[in-house]
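For the sequence shown, the positions run -16 to 117 when the numbering used here is used. Even for Gly, the Cβ is constructed at its ideal location relative to N, Cα and C. To keep things clear, I will list the structure first and then write my remarks on it.
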Amino acid sequence: MINLCVLPSTASCRKAHRWLLEHRIPFHERNMNAQPLTEAEIKHLLQYTYDGIDDLISTKSNAYHQLSKTTPIEDMPLSEAVKVLSQTPQLLRRPIIFDDHRLLCGFNQDEIRMFIPREQRVLKMQAMAKHQMA
């Protein structure tokens, strides 16, 4: 099952929601304002990142700029940074889309395609190949 973690007021979250619906991909949506990610969940997501905590942080957010004035999150020990992220969901890139094997932070029209089930991708490729031959 795909998990879609959103802050509903953001355009990128609405785009991801719409994209998943249009592609008929089942997902579970979670409002991070109402139900923030726990420290354990953030640690779990870190397993799927390339650059660790930097992949999860929204450096364009107001929350990030406010925090950077006192103690930049990049300078915090990992355990403290994870705690801050769980307490302040506005610091996280959004949407956060993940399943048991993949993670996408932020909406990207090309990268979100990784969540299309393999069977669906194969059928689409076959249809395209058939159309090109005709």
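Query                                                                                                                                                       : Result
Would you mind sorting Val(-11) into buried or exposed? The rule is 16 or more other CB atoms within 10 Å of its CB.                                        : buried
According to DSSP, is Phe98 helix, strand or coil?                                                                                                          : helix
Note down, in chain order, each residue of its chain lying with its Cβ closer than 6 Å to the Cβ of Pro72, except the 5 sequence neighbours on either side. : Met15 and Pro19
Return the CA-CA distance between Leu3 and Arg104, expressed in angstroms with no decimal places.                                                           : 14 Å
Taking only the alpha-carbon atoms, compute the straight-line gap between Phe90 and Gln115 and give it to the nearest angstrom.                             : 30 Å
With H, G and I counted as helix, E and B as strand and the rest as coil, what does DSSP make of Ile40?                                                     : strand
Just to confirm the assignment, what range does the alpha helix (DSSP H) spanning Ile(-14) have?                                                            : What sits at residue -14 in the sequence shown is Asn, not Ile. Run containing Asn(-14): none in the alpha helix (DSSP H); it sits in the beta strand (DSSP E), Ile(-15) to Val(-11).
Around the C-beta of Pro100, are 16 or more other C-beta atoms found within 10 angstroms, so that it is buried, or is it exposed?                           : exposed
Can you grab the Cα-Cα spacing for the pair Glu22 / Met111, in whole Å?                                                                                     : 44 Å
Helix, strand or coil for Ile8, going by three-state DSSP, please let me know.                                                                              : coil
If you check the beta carbons only, do Ser41 and Arg85 fall under 8 Å apart?                                                                                : no
Quickly, what does DSSP pair Arg13 with across the bridge? List them, please.                                                                               : Cys(-12)
Can you tell me whether Leu87 is helix, strand or coil according to DSSP?                                                                                   : strand
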